[in-house]
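If you count by the UniProt record's numbering, then the sequence shown holds residues 1 to 921, one letter each, in order.
One structure is given here, and the rest of the page talks about it.
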Amino acid sequence: MSKKEKFPVNLPKTDFDMRAGLVEKEPKILAKWESIDLYNKKLQARNNAPKFILHDGPPYANGNIHVGTALNKILKDIICRYRYSQGYQTPYIPGWDCHGLPIELNTLKSLGIEAQKLSDIELREKCRAYAWNFVEKQKTSFIRLGVDGDWQHPYLTMSNQYEASIMKAFGILVGKGYIYRGERPIYWSPVSRTALADAEVEYQEHTSPAIYVLFPVENKANTYVVIWTTTPWTLPANTAVAFHPEADYVELTLQNGRKIIIADPLKEAVLNANNMQGVSSSKLDKKDIEALKVKHPWIDRESVVVFADYVTMDTGTGIVHTAPGHGPDDFITGQKYNLPTLSPVDDSGRFTKEVPEWEGEYIFDANPKIVEFLAGKGLIWHASIIKHSYPHDWRAKTPLIFRTKPQWFFRVSDLMLTQQALSALPAVQWTPQWGEERLKNMLINRPDWCISRQRKWGVPIPAFYCNHCSNILINEELINQIAKKVQTHGLEYWLGNSANTILQEILGTVPSCECGNDIFKKEEDILDVWFDSGTSHFAVLDSNSELNCPADLYLEGSDQYRGWFQASLWNSIALHNYASFKSILTHGWVLDEEGRQMHKSLGNTVAPEEITKKFGADILRLWVVTEDFTKDLRIGKNIIQKTIDLYRKLRNTFRYMLGNLYNFTENDILDYSHLEPLDQYMLHKLYLLKETTDKFMEKYQFHRAYREIFNFCIIELSSQYFDILKDRLYILAPHSSKRLSAQTVLFYILKELMTMLSPVLVFTMEEVYDHAELNNKLESVHLLSRNYLPKEWENKKLADVFTILEYIREEAQLELQKLRDQGIIGSSLEAGIILKTSNIEMLKEYQDTISEMLMVSELELKQNNSQELIHIKNQYQEISHPKIFISTFKSNKTRCERCWHHKDDVNIQGLCLRCQENIIN
């Protein structure tokens with residue numbers, strides 16, 4: 001007969017596996033949620049509750065999700081689940097950004113030469129199929145991550161309803177005077193053959209020629225104005241040279257008889273660049289400069305002398321070559337001085353016939369040829385190569401140019417609109433706080449937003465041109481009527497009908513242009529995809545009765561200040577006069593373990609699918625809350641392994657509780673006043689834990705909230721409280737009051753931790769809930785609300801007592817370890833402890849609790865007269881208490897074979913009196 005059969009104890013019993021098996025279990029739990037329609041069940045359960053709206057910034061429907069996308073969606077899911085548990089209704093409508101250049105280019109690439117045979121409608125069908133494929137793939141991935149939402153009714157920017165809403169929003173802006181067609185330099189991608197918005201520009205290191213060019217002065221013999229440029233390809237479009245109105249300039253006579261005009265502060269640097277020395281120098285005043293007649297280096301035209309404040313004295317010559325067609329500052333100067341706006345570059349970045357010397361040449365390839373050409377004419381003062389930060393197409397990763405071409409613009413420079421946008425920012429809650437300043441700086445002095453794109457896959461700009469004089473026909477009512485047709489028939493209505501057919505059907509007649517012509521053509525440009533997503537509040541929040549605008553929260557990566565946040569703000573202010581969000585929360589980038597960006601070439605990418613297939617989605621979700629997500633996060637093999645180790649500890653915490661509650665029901669719960677002091681103290685700690693974590697969750701400091709929970713589970717519970725409870729749980733009679741006291745607290749802790757961890761460990765907490773013995777169980781843990789914890793649980797007086805008792809435990813463990821190190825004892829139950837203090841009464845009151853906490857067989861309390869004090873801090877105050885002197889000894893009493901305590905009442909069968917009574921009971 002084994003000891004277990006001879007001396008029965010209350011061993012834990014549970015079917016909750018020690019091995020997680022998440023990879024096998026999670027899909028089954030997903031199937032359960034689908035079968036009970038969990039998302040709609042949650043909405044129904046909160047039918048009359050206040051709403052919390054997290055508006056989903058749409059990911060791009062191009063490619064599989066990456067770990068950054070997973071981070072974003074998991075964070076949103078955690079927030080929605082937490083807000084639901086607080087009592088809010090949390091409708092979450094996921095969305096996808098479906099238009100745009102990458103999808104169009106990938107579609108064209110897959111079609112090859114066949115693409116040339118397609119009509120615009122056929123190409124759109126191909127693009128739609130491409131985007132839809134990745135919408136489905138990404139949706140499957142998000143669901144597998146445990147993200148809950150209305151996956152049956154997502155919003156897609158390519159749906160008829162959404163595309164019609166984009167047109168309606170555009171029409172309202174037209175009616176308010178915010179939209180115009182104009183000409184100014186815009187970022188242009190020669191590779192993508194389209195204009196780009198500021199949000200689509202990123203700066204990368206680029207190698208450029210840096211040249212000092214001599215511009216001949218026509219009315220002064222052998223005299224040259226010297227400019228410095230890193231864009232020789234813009235010289236064919238030069239129409240002026242710009243001086244600073246307040247700077248000092250000089251005319252230097254050189255050893256070779258030539259004279260050069262440069263800024264006085266830069267003369268030494270300019271001379272040194274060419275190893276030259278000036279023989280003489282004379283100052284030029286503003287009138288002298290204005291009198292100069294400067295010629296283009298090789299084209300027979302004047303380069304007009306102008307003045308501009310943006311000319312700097314830190315590099316170059318203090319004189320700037322000005323090409324109004326290829327730079328924003330140059331353009332403004334050109335407008336001021338009525339200069340021609342030349343832009344002899346085509347859509348592919350090649351010179352047009354206006355530059356016969358290099359016609360058809362790609363501008364960056366032409367750079368060295370232009371330098372060589374100028375050198376041949378003796379007009380290069382100095383040439384070198386520099387590396388500098390230069391704007392690039394953020395998708396194609398190729399250099400951009402400024403190019404002037406008629407485009408459609410959103411007048412965000414409007415002073416009243418800008419002021420409204422800036423005024424909206426202080427009312428928004430920003431996390432991190434610096435987000436407000438970042439967005440504010442992007443709004444101030446922002447140039448008008450170029451919203452037209454020269455592509456096919458997008459929402460067409462609903463405008464018409466007179467076929468004779470190109471006069472524009474556009475107004476809000478006309479656009480609104482077109483939008484209604486699009487909502488019913490799709491954009492095929494616009495693409496499949498001629499301009500006159502559309503006008504005749506909508507207006508009942510084709511209007512006559514001022515020139516007398518009545519034949520029109522349609523605009524061929526499409527709207528910027530940032531305009532698409534920037535109107536999501538109009539297309540989704542305003543049109544869905546389940547939602548509200550403004551949304552309670554926008555949550556995206558920190559790159560979206562220049563993207564979706566800014567686009568949404570401009571649109572919502574212009575359309576509604578208020579911001580479409582009450583709060584903005586951003587997360588950082590996901591880097592590898594060494595802090596490097598992830599690239600396939602480095603082999604350091606981490607795919608979410610790999611983690612879910614190998615370890616389970618709960619592991620990835622747990623990783624999300626282990627670090628401050630508002631900063632850059634790291635992930636890799638070692639970090640994942642640490643997360644798995646953490647998960648195992650948490651799982652074992654729940655397994656212990658479930659195992660020791662196998663014969664406990666809610667009917668067995670003891671009243672708080674009947675609980676043992678240690679158990680009351682654990683409820684005090686639980687109360688503080690909830691209070692602390694709620695505070696952190698409200699601030700979106702998930703890493704701090706869950707660190708508190710993890711420490712509570714692993715240190716407070718598993719390493720201390722659970723170890724102490726084993727004697728009561730295993731040894732005492734099943735329904736003894738002390739055992740029921742422990743089980744009551746375990747039950748409360750289990751319930752609270754389930755709700756605390758259910759927003760993160762969505763699958764594991766569902767499994768825990770399935771195994772928990774609860775009255776009136778719901779269909780899912782995710783239908784539960786946060787528990788109300790009674791105020792009496794916060795017991796400050798008891799906390800002061802246990803501050804002393806925990807101090808005794810820590811000091812006693814150090815003394816017991818000395819006995820172990822000497823080989824005198826193995827288990828602490830082989831030892832006894834003597835406590836001496838002048839305040840013996842308090843220790844006597846809690847003698848049983850102290851003995852239980854110390855886990856020793858004998859405890860002696862002795863009075864002494866020491867006046868020495870100890871000072872210990874808890875969360876409330878510093879506590880002073882007479883010093884407690886601790887001594888240890890090896891017990892010489894007999895060990896009970898059931899409880900392993902050393903007692904002097906062990907019978908011949910090896911049982912102490914306590915165990916004999918408990919077995920009988």
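All residues carry an ideal CB built from backbone N, CA and C; glycine is no exception.
These figures come from a predicted structure and were not determined experimentally.
Spatially closest choice to residue i from the options, by CA coordinates
| i | options | result |
| --- | --- | --- |
| Q720 | G327, M855, E104, S758 | M855 |
| E523 | Q454, L646, K485 | Q454 |
| Y672 | T352, K738, K259, Q597 | K738 |
| S110 | V135, E691, C127 | C127 |
| V781 | A567, S85, N874, K873 | S85 |
| D532 | Y162, D329, L569, L761 | Y162 |
| Q138 | V67, E114, M682 | V67 |
| E290 | V304, E815, M18 | V304 |
| I401 | I715, T231, L675, L417 | T231 |
| S165 | L591, S785, T535, P677 | T535 |
| N72 | S601, W589, L859 | W589 |
| L30 | F763, S280, D15 | F763 |
| K690 | Y155, F889, R707 | R707 |
| I724 | Q743, W564, N711, H735 | Q743 |
| L105 | S119, L123, K685, M442 | L123 |
| Y363 | R350, N517, K28 | For the sequence presented, residue 363 should be read as Ile rather than Tyr. The candidate whose alpha carbon is nearest that of I363 is R350. |
Same chain, Cβ closer than 6 angstroms to residue i, five either side skipped, listed in chain order
| i | result |
| --- | --- |
| L503 | V510 |
| D528 | A197, I451, R453 |
| E666 | N775 |
| T803 | I872, N874, I879 |
| K542 | The sequence given here has Asp at residue 542, not Lys. C549, listed in sequence order. |
Same chain, Cβ closer than 7 angstroms to residue i, five either side skipped, listed in chain order
| i | result |
| --- | --- |
| W408 | I179, R181, I451, S452, I461, D525 |
| Y700 | T431, L585 |
| N577 | Q420 |
| A812 | I833, L854, I886 |
| M756 | T693, I709 |
Residue range of the unbroken beta strand (DSSP E) whose run includes residue i
| i | result |
| --- | --- |
| Q429 | 429 to 431 |
| I835 | According to the sequence displayed, residue 835 carries Leu and not Ile. Note, L835: beta strand (DSSP E), 831 to 837. |
| E860 | 858 to 863 |
| K873 | 869 to 873 |
| E878 | 878 to 882 |
| H321 | 319 to 322 |
Collapsed DSSP secondary structure at residue i in the structure displayed
| i | result |
| --- | --- |
| A551 | strand |
| residue 927 | Since the first residue shown for the chain is 1 and the last is 921, residue 927 is missing from the structure and cannot be characterised. |
| I407 | The question names Ile, but residue 407 is Gln in the sequence shown. In the structure shown, Q407 sits in a strand (DSSP, three-state: E or B). |
| S741 | helix |
| Q204 | strand |
| S601 | helix |
| C80 | helix |
| W900 | coil |
| D17 | coil |
| Q89 | strand |
| S851 | helix |
| residue 923 | Nothing can be reported for residue 923: it is not among the residues displayed for the chain, which extend from 1 to 921. |
| S2 | Only weak support exists for where S2 lies, its pLDDT of 46 falling under 50; the coordinates are left without a value. |
Unbroken alpha helix (DSSP H) run spanning residue i, endpoints
| i | result |
| --- | --- |
| K126 | 120 to 144 |
| R914 | 913 to 920 |
| P102 | 101 to 111 |
| S192 | Neither: S192 is in no alpha helix (DSSP H) and is coded neither H nor E. |
| E806 | 796 to 821 |
| K28 | 22 to 36 |
| F170 | 160 to 175 |
Contact set for residue i: own chain, Cβ-Cβ below 8 angstroms, skip 5 residues either direction
| i | result |
| --- | --- |
| L732 | N10, K738, R739, N918 |
| P882 | T837, S838, N839, S866, Q867, E868, L869, I870 |
| K613 | V23 |
Task: Runs of alpha helix (DSSP H) wholly within the region 511 to 595 (minimum 4 residues, chain order) - done: 529 to 534, 564 to 576
Task: Contiguous alpha helix (DSSP H) assignments of at least 4 residues, all confined to the region 653 to 738 - done: 677 to 698, 702 to 711, 722 to 731
Task: Every unbroken alpha helix (DSSP H) inside the region 328 to 398 [4 residues or more] - done: 328 to 336, 363 to 376
TODO: Can you check the region 451 to 495 for any beta strand (DSSP E) of at least 3 residues that lies completely inside it and give the ranges in chain order?
DONE: 464 to 466
Open item on the list: Extract the residue ranges of the alpha helix (DSSP H) inside the region 208 to 292, only unbroken runs of 4 or more that lie entirely within it.
Closed with: 267 to 273, 286 to 290
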